[in-house]
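Adding 195 to a residue's 1-based position in the sequence shown gives its number in the numbering used here.
A virtual CB, placed ideally from N, CA and C, is assigned to each residue, including glycine.
Data first, discussion second: the structure below is written as structure tokens.
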Amino acid sequence: MTRADFRLGTEKRLARKADFERLLREGARRSKSGYLFYMAARAEGPARLGILISRRHAAKATMRNRIKRCIREAFRLEQSRLGALDVLVRPPYGAQPGAAMQEQLRGMFASLAR
Numbered sequence: 196m197t198r199a200d201f202r203l204g205t206e207k208r209l210a211r212k213a214d215f216e217r218l219l220r221e222g223a224r225r226s227k228s229g230y231l232f233y234m235a236a237r238a239e240g241p242a243r244l245g246i247l248i249s250r251r252h253a254a255k256a257t258m259r260n261r262i263k264r265c266i267r268e269a270f271r272l273e274q275s276r277l278g279a280l281d282v283l284v285r286p287p288y289g290a291q292p293g294a295a296m297q298e299q300l301r302g303m304f305a306s307l308a309r
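Okay, structure coming up:
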């Protein structure tokens, strides 16, 4: 694998409102340790990530951004195992970003691949 395979470019992100709504409406829902994962398989292409986080999760924007960074990094490291899967993640309220959160999420993403 090359270094470029681990990038998280625009083709690996869910950006359109329609994609988010489709996953919320039709996607398989899994809950693990307070995290909600909405998933839907696609025919081909890389795994794609979407994140749902609001002010109820963390009042300050800096904290919400840190949580999103942890989720993106965990996904980036595990994306090769997921195949053509769209994943929407909603963290639990009061989640604390950091290395422990990232390792926990990596394990969760790895279990989604099975």
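Just the C-alpha distance for residue i and residue j, rounded to the nearest angstrom, thanks.
i      : j      : result
Ile248 : Ala254 : 11 Å
Met234 : Ala294 : 24 Å
Leu300 : Leu209 : 18 Å
Glu268 : Lys227 : 18 Å
Gly278 : Ala236 : 9 Å
Phe215 : Arg243 : 11 Å
Leu231 : Pro287 : 8 Å
Leu283 : Lys212 : 12 Å
Gly276 : Ala256 : Here residue 276 is Arg; the residue named in the question, Gly, does not match the sequence. Each residue's alpha carbon lies about 31 Å from the other.
Leu203 : Cys265 : 13 Å
Asp281 : Leu272 : 16 Å
Arg261 : Thr205 : 19 Å
Met303 : Arg225 : 10 Å
Ala223 : Lys207 : 19 Å
Could you check how far apart the C-beta atoms of residue i and residue j are, in whole angstroms? I think they sit under 8 Å.
i      : j      : result
Met296 : Ala305 : Contact flag wrong, Cβ pair sits at about 15 Å.
Which word fits residue i, buried or exposed, when buried means at least 16 other C-beta atoms lie within 10 angstroms of its C-beta?
i      : result
Pro292 : buried
Gly240 : exposed
Glu221 : exposed
Any idea what DSSP makes of residue i, helix, strand or coil?
i      : result
Ala253 : coil
Arg264 : helix
Arg208 : strand
Can you check DSSP and say which residues form a bridge with residue i?
i      : result
Phe232 : Arg225, Val284
Ile246 : Val284
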